[in-house]
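J.:
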Amino acid sequence: MVDGAPNAGKRGLFRQSDCACSSSATSAAPGKNVFVVSGPEGFVEAYAGAKVWRDGGQLQGPVGGMLGALQRKNPDTLKDWIVLKL
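Residue numbers for the sequence shown follow my numbering, so the first one is 42 and each next one is one higher.
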């Protein structure tokens, strides 16, 4: 990093092989797609539904908003997707 961050110029602590995906199609089941929703106050709720408060912390809550309407209209649309609200 060139911005003077604490880790500027340092190498990572992981090996490249730790992040390599297997090229064998039979080695593991395919993963999920990730749909990340982030934006100013009110945007996340309108687009993906509200987060919920429980035990003093925020949780993802059910998918709602525009994505929820799309999912109700076409139930398989988000079948292979994980929606994360930031």
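From the three backbone atoms N, C-alpha and C, an ideal C-beta is built for every residue, glycine too. Bear in mind the structure is a predicted one, so any value in this text is a computation, not a measurement.
#1: Helix, strand or coil for residue 115? Go by DSSP, reduced to three states.
#2: So, helix, strand or coil for residue 98, using DSSP?
#3: Compute the Euclidean distance between the alpha carbons of residue 85 and residue 105, then round it to the nearest angstrom.
#4: If you run the structure through DSSP and keep just helix, strand and coil, what is residue 125?
T.: Inspection of the coordinates gives the following:
#1: As a first step, residue 115 must be located in the sequence shown, where it is residue number 74. Residue 115: coil per DSSP, three-state reduction.
#2: Residue 98 sits at position 57 when you count from the first residue of the sequence shown. Under the three-state reduction of DSSP, residue 98 is assigned to strand.
#3: Numbered from its first residue, the sequence shown carries residue 85 at position 44. Numbered from its first residue, the sequence shown carries residue 105 at position 64. Cα-Cα distance, rounded: 10 Å.
#4: Locating residue 125 in the sequence shown gives position 84, counting from the first residue. Correct three-state label for residue 125: strand.
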